[in-house]
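In the numbering used here, the protein residues as written are 20 to 87.
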Amino acid sequence: MTDPRYPIGRFAADANPTPETRARHIEAIAGLPPRMRQAVASLTSWILPIETAAGASERWCITFLTAT
């Protein structure tokens, strides 16, 4: 990994998405919130607000991503 901001690589848009591809992407996005809640359900309350050290302009924490 050369750039920690893009652990799976930079985004590359599909120039010619099919209706099936679009539907699959929408389904994946819609399924993310419950998967995130499940992933953090066992974390203790003291770890949720801890911010990353990725840099001042890119600071985030689990609470930012999972707050409803």
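Yeah, the Cβ is synthetic: ideal placement off N, Cα and C, and Gly gets one too.
Close CB contacts of V59 within its chain, under the 8 Å cut and outside five residues either way in sequence, are with L67, I81, T85 (chain order). In this structure, DSSP gives I45 a helical state, which the three-state scheme calls helix. CA-CA distance, A49 to R56, rounds to 13 Å. Residue state for P23 is assigned as coil, using DSSP reduced to three classes. Taking a C-beta distance under 7 Å as the contact criterion, W79 and T71 qualify as a contact pair. In the three-state reduction of the DSSP assignment, A60 falls in the coil class.
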